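S.K.: What follows is a single structure, and I will ask about it in a moment.
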Amino acid sequence: MAQEMRHPIESGCPDGFQYMHPAMRRNYGQWKFHEHPQPGVLRHVAHSGDEIWTVKCGTQRILDVFTLRKLTEIGDKFADGYIRFTIRSNVEYMVTDKAQVEPLIKALEDAGFIVGGTANSVAMISHTQGWLHCDIPGTDASGVVKSMMDELIDEFKGHNMPNRVHITTSCCQINCGGQGDIAINVQHTKPPKINHDLVANVCERPTVVARCPVAAIRPAMVNGKPSLEVDEKKCICCGACFPPCPPMQINDAEESKLAIWVGGNHSNARSKPTFQKLVAAGVPNNPPRWPEATAIVKRILKEYKEGAKDWERINDWIDRIGWPRFFEKTGLPFTKYHIDNWTGARNSLNASTHIRF
Ligand code: SF4
Ligand code: SF4
C-alpha cells in the first residue's frame, strides 16, 4: 500500500500578519500620510480615516525574560496588546486612540525605558552580538552600543539633528555591521597567530586556504604535522580564516582595535546609495566604556549638528563641504592609512561571479 508522502516541516519566519494590530491589518497598503507629532511618537492616517499612534522605545536588544515580560505587560495594559520589534532593537506599541499615548509613555518611562528614536534623532545603534551566537567576534558590540547611547540619550529623545542618524556597530571585521551614517567596526591590526598543534585536529585546511581573500594562506608541514602558514606581507588582517579555523587566533586585547567610518547610506526615494569611508583607524577597543570611540562619534555628531542644513544626512553634508573640511572641522587626523591604495584590490573586489586567484 502506498505510504502517504511526508511533507516537509515548515520553518522560518511565521506570517507577520497574525501579529499585526487589527487597524494595521485593515489598512494594509492604504495609508495616506504619517507625521511625527512628538519625539518617539508616529501618527499614521489611512484613507479609511483610521489612525494609528505608534510609541517607540529603545531596548538593550539582548533581552532577559523579565524585561520582555515587563514590556509585554505594558503592552497589555496600556496599548492594545500588540508590540513589535524593529531592526534597531526598538520596541513599538500601536494604539488607535490619541488619549492612550501619554499614559503609555508614562508607563514606559516609569519602568525605566527611553522613548524616542524617531524622525531626526540619533536612532538606536544597530548591532550584532556575536558572543551569544557567532564564532568570530572580536569585541562586545552591545557594550559599545550601551556606552555610546548613554552619552547620546538626549539625541535619541529629541528631534535635534539635521536629519536622521543611523549608527551601526559590528563585533568582527568582515560580516554584519551594515551601512550607517556612522559605523564602528572592529579592525584587526596583526595577522593571525597559528596554534600548529591544533590545526590538524580542528581545521579543514582546504577550506581555510580558500577562505583567504588575498591568497595569503598555504598548507605547510610544521614539526612533522600538517598545518598552515600565512604570508604576513600579503595578509590584510581581515580575520576571515578564524571562523573555519579557530587555531588561527586573530582576536587580541591590544591589537584588535576599532575603526570609525562615516557617510554610508542606502538608496532611498531621493538619493543613490553611498559607501561609508574610513575616518578614524586604530581606535582603542577599550571596555567597559569605550571612551575614545565614543568621543570621536560625539565630535562628528556635534559638527554635523552645527554645520549641516536641514535634511542633509551625514554623507550629504560631507559632499557639500568636502572631505578636507570634514577632517578640519572634526579635528580628526587625516593620515596615509585613509587612502585605499592596495594594489591587489582590482583582483579581489567582488565585481563579478568569476573566481580569481
Ligand atoms: S559582526 Fe561578525 S562576529 Fe558579530 S555576529 Fe556578525 S559575523 Fe558574528
Ligand atoms: S586574516 Fe584574512 S588576509 Fe590574513 S590570512 Fe586570514 S583570511 Fe587571509
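Just so you know, we're using the numbering used here here: the sequence shown kicks off at 92 and counts up by one. Glycine residues also receive a C-beta, built at the ideal position from the N, C-alpha and C atoms. Treat the numbers as computed from the prediction; the structure is a model and nothing was measured.
Can you grab the Cα-Cα spacing for the pair Pro379 / Ser238, in whole Å?
M.R.: Computed Cα separation, rounded: 8 Å.
S.K.: State the start and end residues of the unbroken alpha helix (DSSP H) segment that holds Asp381.
M.R.: In the sequence on display, residue 381 carries Trp and not Asp. Taken as a continuous stretch (DSSP letters only), Trp381 belongs to no alpha helix (DSSP H), as it is neither H nor E.
S.K.: In terms of residue numbering, what span does the alpha helix (DSSP H) encompassing Val192 cover?
M.R.: First-last of the alpha helix (DSSP H) with Val192: 192 to 201.
S.K.: Quick one: grab the DSSP three-state call for Ile409.
M.R.: Three-state result, Ile409: helix.
S.K.: Exposed or buried, Ile405, counting other C-beta atoms within 10 Å across all chains shown (16 or more means buried)?
M.R.: Flag for Ile405 reads buried.
S.K.: Taking 7 Å as the cut-off, is the CB of Ile391 close to at least one heavy atom of ligand 2?
M.R.: No, since every heavy atom of ligand 2 falls outside the 7 Å radius drawn around the Cβ of Ile391.
S.K.: Identify, in the order they occur along the chain, each residue of the same chain with its Cβ nearer than 7 Å to the Cβ of Arg490, setting aside the five sequence neighbours on each side.
M.R.: Residue 490 is absent from the model: the chain starts at 92 and stops at 448.
S.K.: Asn211: buried (16+ other C-beta within 10 angstroms of its C-beta) or exposed?
M.R.: So Asn211 ends up on the buried side.
S.K.: When DSSP labels each residue in this structure, what does Met115 get in the three-state scheme?
M.R.: Three-state DSSP puts Met115 in a helix.
S.K.: Work out the CA separation of Gln278 and Trp352 for me, nearest whole Å.
M.R.: So the two alpha carbons sit approximately 11 Å from each other.
S.K.: Taking 8 Å as the threshold (C-beta atoms), are Met252 and Val290 in contact?
M.R.: No. Outside cutoff.
S.K.: Going along the chain, which unbroken runs of the beta strand (DSSP E) with 3 or more residues stay wholly within the segment 242 to 274?
M.R.: Taking only runs of at least 3 residues, the beta strand (DSSP E) segments lying wholly in the segment 242 to 274 are 258 to 260.
S.K.: Shorter than 7 Å, the distance from the beta carbon of Pro334 to the closest heavy atom of ligand 2, or not?
M.R.: Answer for Pro334: no, Cβ out of range of ligand 2.
S.K.: Since Gly166 is in the alpha helix (DSSP H), which residue starts that stretch and which ends it?
M.R.: 156 to 169 is the span of the alpha helix (DSSP H), which, as asked, contains Gly166.
S.K.: In whole angstroms, what is the alpha-carbon distance linking Asn441 and Gly373?
M.R.: With a pLDDT of 46 at Asn441, under the threshold of 50, the modelled position of this residue cannot be trusted; read the value that follows with caution. Rounded to whole angstroms, Asn441 to Gly373 spans 26 Å at the Cα level.
S.K.: Going along the chain, which residues of its own chain have a beta-carbon closer than 6 Å to the beta-carbon of Arg179, five neighbours each way excluded?
M.R.: The residues are Ala214, Met215, Ser217.
S.K.: Check each candidate in Glu142, Pro113, His112, Arg117 and name the one with the smallest Cα separation from Glu126.
M.R.: Glu126 has its Cα closest to that of Glu142, out of Glu142, Pro113, His112, Arg117.
S.K.: Does the distance between the C-beta of Ser180 and the nearest non-hydrogen atom of ligand 1 fall short of 7 Å?
M.R.: The answer is no for Ser180.
S.K.: What is the DSSP secondary structure of Asn286, reduced to helix, strand or coil?
M.R.: Asn286: coil per DSSP, three-state reduction.
S.K.: CB of Pro228 to nearest heavy atom of ligand 1: below 7 Å?
M.R.: Yes - ligand 1 has a heavy atom lying nearer than 7 Å to the Cβ of Pro228.
S.K.: From Val136 to Gln340, what does the alpha carbon distance come to, in whole angstroms?
M.R.: Taking the straight line from one Cα to the other gives about 54 Å.
S.K.: Can you tell which of Ala306, Gly271, Phe333 has its C-alpha closest to the C-alpha of Lys324?
M.R.: Nearest C-alpha to Lys324: Ala306.
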